[in-house]
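Written below as structure tokens is the structure these notes are about.
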Amino acid sequence: MTTVAVKPATMAQALTRALRDAMTDDPSVHVMGEDVGTLGGVFRITDGLAAEFGEDRCTDTPLAEAGILGTAVGMAMYGLRPVVEMQFDAFAYPAFEQLVSHVAKMRNRTRGKMPLPLTIRIPYGGGIGGVEHHSDASEAYYMATPGLHVVTPATVADAYGLLRASIASDDPVVFLEPKRLYWSKDAWSPEQPTAVEPIGRAVVRRSGRSATLITYGPSLPVCMEAAEAAKAEGWDLEVVDLRSLVPFDDETVCASVRRTGRAVVVHESGGFGGPGGEIAARITERCFHHLEAPVLRVAGFDLPYPPPMLERHHLPGVDRILDAVGRLQWEAES
Amino acid sequence: MTVMEQRGAYRPTPPPAWQPRTDPAPLLPDAEPYRVLGTEAAAKADPELLRRLYAELVKGRRYNAQATALTKQGRLAVYPSSTGQEACEVAAALVLEERDWLFPSYRDTLAVVARGVDPVEALTLLRGDWHTGYDPYEHRVAPLSTPLATQLPHAVGLAHAARLKGDDVVALAMVGDGGTSEGDFHEALNFAAVWQAPVVFLVQNNGFAISVPLAKQTAAPSLAHKAVGYGMPGRLVDGNDAAAVHEVLADAVRRARAGGGPTLVEAITYRVDAHTNADDATRYRGDAEVEAWREHDPIALLERELTGRGLLDEAGAETARQDAETLAADLRARMNQDAELDPMDLFTHVYAEPTPQLLEQREQLRAELAAEAESEGARP
């Protein structure tokens with residue numbers, strides 16, 4: 535038996551590998567978007583795909599997001615499996631009507647006759663010093679649209695597994711890539727990729743007994759760091775990585791909160807009308823008698839995404855998370 | 004060499020990246036809408052085709068009248084009539100081969116029916132029992148698109164995909180004059196031209212976007228002229244001349260199938276009825292205008308040609324009327340039956356597999372329905 539050396543790989547590399555493997559396994563998989571061909575995408579996620587599979591399989595489109603997604607809909611109608619790249623979170627908005635009125639509704643509208651197996655990759659979130667329109671946490675818009683799956687990886691292995699699962703899904707998937715984690719590294723071997731993860735299951739990244747941090751995508755490393763720092767305060771924090779916002783894994787989330795009795799939801803998206811409100815409500819509805827304190831949210835402020843020199847004040851950080859944990863009514867314990 | 008000598012040798016050149024332009028002249032539409040009926044071109048038209056068009060136009064007119072009547076009886080929630088536009092609706096359906104695809108807008112149920120879809124299935128959207136009542140793959144008809152022009156990029160993508168797969172398929176996409184102002188119209192035409200996709204865009208310029216006339220919609224010389232900016236030919240046709248619309252669309256389909264790329268066709272027609280049964284057209288246009296267009300009615304134009312050439316007699320016209328009555332009677336009878344609805348279907352096709360949340364909600368509705376049935380059963 536030969537052992538394959540597991541070397542550190544970046545999330546970007548894992549995503550590229552996922553696209554390449556999907557294209558190799560299934561000739562109906564087509565990658566399309568702005569600059570995805572010759573350049574390999576502005577984040578180089580599609581690097582080498584046009585050279586390997588040809589420009590008909592990895593296509594530089596005109597610069598028009600509604601047109602990109604709209605034509606991808608037509609391609610999916612004809613049996614292809616398009617993987618669309620939106621260049622940045624805030625550049626995806628022109629495609630919103632196609633997404634909401636057609637992508638999300640086509641299967642239902644046609645009573646299952648015309649499913650649309652397409653994946654929409656969107657680099658999202660802040661923390662990379664991007665100027666205006668390059669750092670939006672846009673997940674709440676997609677979560678609020680029935681008919682879409684909304685998936686976001688936080689680890690290198692999940693980036694591969696979840697993207698493969700998204701492309702293989704017969705439903706449309708909005709695949710949100712935390713762009714500040716593109717260069718995060720993990721022990722992961724492209725030669726021995728991990729098994730494809732099913733969409734819709736959360737995972738406990740760190741076990742703990744005091745309280746649960748519920749998070750996803752770009753905020754997972756922050757929560758892991760906060761959990762380490764919390765040890766000094768005597769708190770043993772559990773961290774749940776949702777991985778999929780739609781479908782939502784009530785089971786894993788509630789099992790954790792029932793164990794710990796306290797929960798903080800952490801995300802970059804604004805708190806008002808953001809995912810945390812929905813998650814807190816779901817926990818309260820299901821775990822009320824297990825709760826020792828109200829479910830708290832640590833979210834981005836309710837403001838347009840700040841200029842890069844101020845973004846650190848906006849993004850949930852370790853201190854803000856620990857501060858929220860400190861407000862989980864520990865007095866009752868003493 | 005001195006600087007002055009260099010200057011002497013200087014010849015102005017274009018900027019480095021500049022390319023000679025495509026000659027726009029062949030892409031330009033004719034000055035006047037192309038016509039066949041009543042012109043010399045009519046002699047070349049296939050008599051069988053003219054008779055077929057006539058029969059379909061008469062049926063189409065009756066279908067529009069019947070569907071409008073069904074709104075008054077409460078059997079349709081709303082009906083956007085294509086009365087006066089039957090030539091475009093029918094020709095769009097007839098020019099396509101079986102393997103081709105039609106992408107209709109919400110006003111195009113007649114084209115959908117003429118393509119072979121069961122009228123009751125074509126009307127479920129407007130009856131309100133389900134959004135799309137037909138299987139799009141059965142007759143290769145995309146769902147009726149209510150959001151304007153958004154179906155056009157779908158047609159482009161489908162035609163592009165077919166070409167990538169080596170299939171000999173053309174997509175014909177329908178849109179109105181108002182729809183040409185939408186961004187999706189622009190993006191679809193641009194993608195189609197860049198990809199040389201086998202698509203035909205048919206704009207039915209019926210004069211109004213609900214109440215807004217064309218003059219408030221565009222300052223273009225004509226809607227067909229817009230094609231030139233994308234690098235595809237624009238054709239202008241009399242939209243009430245069924246033979247002309249059929250010929251122009253058939254040319255465009257042939258061109259697309261042969262790998263010649265997309266065409267934009269603007270058909271000049273008129274929406275004789277209001278926007279829908281719920282609209283009051285007297286608020287924005289006068290009777291004189293409508294009457295002028297009635298003189299240019301698609302059925303009358305074709306009837307004049309056919310009778311003038313001895314291709315249609317009273318018996319033939321009567322047969323066409325009878326066929327139309329049969330269609331209307333069948334539609335009336337079937338639409339007067341209540342739609343069979345199962346509320347549990349609401350959850351069946353949101354996703355391939357319902358999410359855990361939808362499964363919970365489905366059980367909630369099931370319980371509500373059971374309670375409803377019980378209380379109805381308990382009523383004396």
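First to last, the sequence lines map onto chains A and B. The numbering used here runs 534 ahead of the 1-based position in the first sequence. The numbering used here runs 3 ahead of the 1-based position in the second sequence. Cβ coordinates follow ideal geometry from the N, Cα and C atoms, glycine included. Please read these numbers as outputs of a predicted model, since none were measured by experiment.
Legend entry - Own chain partners of Y676/A with C-beta closer than 6 Å, once the 5 adjacent residues on each side are dropped: Working through the first sequence from its first residue, we reach residue 676/A at position 142. So the list reads L682, V684, V708, once near-sequence residues are dropped.
Inset, instruction - Taking C-beta pairs closer than 7 Å, name the residues in chain A that A80/B reaches, listed in chain order. - result: Counting from one through the second sequence, the residue named residue 80/B turns up at place 77. None at all; the shortest Cβ gap to chain A is about 16 Å.
Legend entry - Burial state of K62/B (16 or more Cβ within 10 Å): Here residue 62/B refers to the residue found at position 59 when the second sequence is read from its first residue. Classification of K62/B: buried, given that the 10 Å Cβ count is 16 or more.
Legend entry - Nonlocal neighbours in the same chain, by C-beta distance under 6 Å from R739/A, ignoring five residues either side: Taking the first sequence and counting its residues from 1, one reaches residue 739/A at position 205. Hits under 6 Å: V773, D775.
Inset, instruction - Under 7 Å Cβ to Cβ from V576/A, same chain only, skipping five residues before and after it: list those, please. - result: Counting from 1 along the first sequence, the entry for residue 576/A is found at position 42. The residues are D569, Q621.
Inset, instruction - Check the DSSP bridge columns for N208/B and list the partner residues they point to. - result: Residue mapping note: residue 208/B aligns to position 205 of the second sequence, counting from 1. I271/B, per the DSSP bridge assignment.
Inset, instruction - Taking only beta-carbon positions, decide if V780/A is within less than 8 Å of chain B. - result: Working through the first sequence from its first residue, we reach residue 780/A at position 246. Cβ-Cβ to chain B under 8 Å: yes for V780/A.
Legend entry - Nonlocal neighbours in the same chain, by C-beta distance under 7 Å from D770/A, ignoring five residues either side: Here the question's residue 770/A lines up with position 236 in the first sequence. Cβ neighbours of D770/A beyond the five flanking positions: G742, R743, S744.
Legend entry - Distance CB(R796/A)-CB(A827/A) smaller than 8 Å: Your numbering for residue 796/A matches position 262 in the first sequence. Your numbering for residue 827/A matches position 293 in the first sequence. Yes; because the gap between Cβ atoms is below 8 Å, this pair is in contact.
Inset, instruction - Enumerate in chain order the residues of its own chain whose CB-to-CB distance from P81/B is below 8 Å, with the five nearest sequence positions on each side excluded. - result: Here residue 81/B refers to the residue found at position 78 of the second sequence. Per the sequence presented here, residue 81/B reads as Val, with Pro not at that position. Only T74, L129, T279, N280, A281 meet the Cβ criterion.
Inset, instruction - Look up C821/A in the DSSP assignment and give the residues it is bridged to. - result: As a first step, residue 821/A must be located in the first sequence, where it is residue number 287. None; C821/A has no bridge partner.
Legend entry - Inter-stretch contact at 8 Å, needing at least 3 Cβ pairs: the stretch 651 to 667 of chain A / the stretch 693 to 713 of chain A: yes
Legend entry - Proximity test, Cβ basis, 8 Å: Q1/B and chain A: No information on residue 1/B is available, as it lies outside the stretch 4 to 383 that chain B covers here.
Legend entry - Complete beta strand (DSSP E) runs within the stretch 680 to 714 of chain A (minimum length 3 residues, chain order): 683 to 685, 707 to 712
Legend entry - Chain-ordered chain A contacts of L362/B [CB-CB under 8 Å]: Mapped onto the second sequence, residue 362/B falls at position 359. Near L362/B there are no residues of chain A at all, since even the closest Cβ is about 10 Å away, more than 8 Å.
Legend entry - Coil, strand or helix - W864/A by DSSP: For this step, residue 864/A is matched to residue 330 along the first sequence. The answer is helix: DSSP assigns W864/A an H, G or I state.
Legend entry - CB contact check: T818/A to chain B, cutoff 8 Å: Taking the first residue of the first sequence as 1, we reach residue 818/A at position 284. No, because no Cβ of chain B sits closer than 8 Å to the Cβ of T818/A.
Legend entry - D590/A versus D103/B - alpha carbon distance: To locate residue 590/A, count along the first sequence from 1; it is residue 56. To locate residue 103/B, count along the second sequence from 1; it is residue 100. Answer to the nearest angstrom: the Cα atoms are 22 Å apart.
Inset, instruction - Could you check how far apart the C-beta atoms of G608/A and L161/B are, in whole angstroms? I think they sit under 8 Å. - result: Start at 1 with the first residue of the first sequence, and residue 608/A comes out as number 74. Start at 1 with the first residue of the second sequence, and residue 161/B comes out as number 158. Contact holds; Cβ gap of about 4 Å.
Inset, instruction - Give the single residue among R335/B, R238/B, T221/B, G87/B whose Cα lies nearest to the Cα of D111/B. - result: If you number the second sequence from 1, residue 111/B lands on position 108. If we check each option's Cα against that of D111/B, G87/B comes out closest.
Inset, instruction - Could you tell me which chain B residues have their CB closer than 9 Å to the CB of S635/A, listed as they occur along the chain? - result: Mapped onto the first sequence, residue 635/A falls at position 101. Those within 9 Å of S635/A in chain B are S148, T149, P150, T153.
Inset, instruction - Just grab the DSSP bridge partners of L105/B for me. - result: Taking the second sequence and counting its residues from 1, one reaches residue 105/B at position 102. DSSP lists V144/B, L175/B as partners of L105/B.
Legend entry - I888/A - DSSP class collapsed to helix/strand/coil: Chain A is shown only over 535 to 868; residue 888/A falls outside these bounds and no answer can be derived.
Inset, instruction - May I have the straight-line CA-CA distance separating A600/A from L314/B, to the nearest angstrom? - result: Within the first sequence, numbered from 1, the residue matching residue 600/A stands at position 66. Within the second sequence, numbered from 1, the residue matching residue 314/B stands at position 311. Approximately 49 Å, taken between the alpha carbons.
Legend entry - Anticipated Cβ contact below 8 Å, C788/A with I817/A, distance rounded: Here residue 788/A is taken as the residue at index 254 of the first sequence, counted from 1. Here residue 817/A is taken as the residue at index 283 of the first sequence, counted from 1. Sure, about 7 Å apart at Cβ, within 8 Å.
Legend entry - Contact set between the stretch 105 to 139 of chain B and chain A, restricted to residues whose Cβ is under 7 Å from the partner: W133, H134, T135, D138, P139
Legend entry - Closer than 8 Å to chain B by CB, M557/A: Taking the first sequence and counting its residues from 1, the one referred to as residue 557/A is at position 23. Output row for M557/A: interface = no.
Inset, instruction - Give the interface partners of R881/A over in chain B, defined as CB-CB distance under 9 Å, in chain order. - result: The structure shown does not extend to residue 881/A, since chain A spans only 535 to 868, so no value can be given for it.
Legend entry - Test item: CB-CB of V293/B and A270/B under 8 Å: On the second sequence, residue 293/B is found 290 positions in, with the first residue counted as 1. On the second sequence, residue 270/B is found 267 positions in, with the first residue counted as 1. Result no, Cβ atoms of V293/B and A270/B do not sit closer than 8 Å.
Inset, instruction - Return the CA-CA distance between L147/B and K765/A, expressed in angstroms with no decimal places. - result: Taking the first residue of the second sequence as 1, we reach residue 147/B at position 144. Taking the first residue of the first sequence as 1, we reach residue 765/A at position 231. Their Cα atoms are separated by approximately 59 Å.
Legend entry - Below-8 Å beta-carbon distance, M535/A vs any chain B residue: Mapped onto the first sequence, residue 535/A falls at position 1. Residue confidence is low: M535/A scores 41 on pLDDT, short of 50, so the model does not pin down where it sits. No coordinate-derived value is stated.
Legend entry - 8 Å Cβ cutoff, G169/B in contact with chain E: Considering every chain present, this structure includes no chain E. Its protein chains are A and B.
Inset, instruction - Give a yes or no on whether 8 Å exceeds the smallest Cβ distance from A736/A to chain B. - result: Sequence index remark: in the first sequence, residue 736/A carries index 202 (1-based). Cβ-Cβ to chain B under 8 Å: no for A736/A.
Inset, instruction - Pull up the distance between the alpha-carbon of D180/B and that of P216/B, whole angstroms please. - result: Within the second sequence, numbered from 1, the residue matching residue 180/B stands at position 177. Within the second sequence, numbered from 1, the residue matching residue 216/B stands at position 213. If I take the Cα positions, the gap works out to 9 Å.
Legend entry - Nearest candidate by alpha-carbon position, reference D290/B, set D276/B, A95/B, R335/B, A165/B: For the purposes of this step, residue 290/B is taken as residue 287 along the second sequence, with counting starting at 1. Answer by Cα proximity: D276/B.
Inset, instruction - Buried or exposed for Q340/B, please, with buried defined as at least 16 other CB atoms from any protein chain shown within 10 angstroms of its CB. - result: For the purposes of this step, residue 340/B is identified with residue 337 of the second sequence, where counting begins at 1. Classification of Q340/B: exposed, given that the 10 Å Cβ count is below 16.
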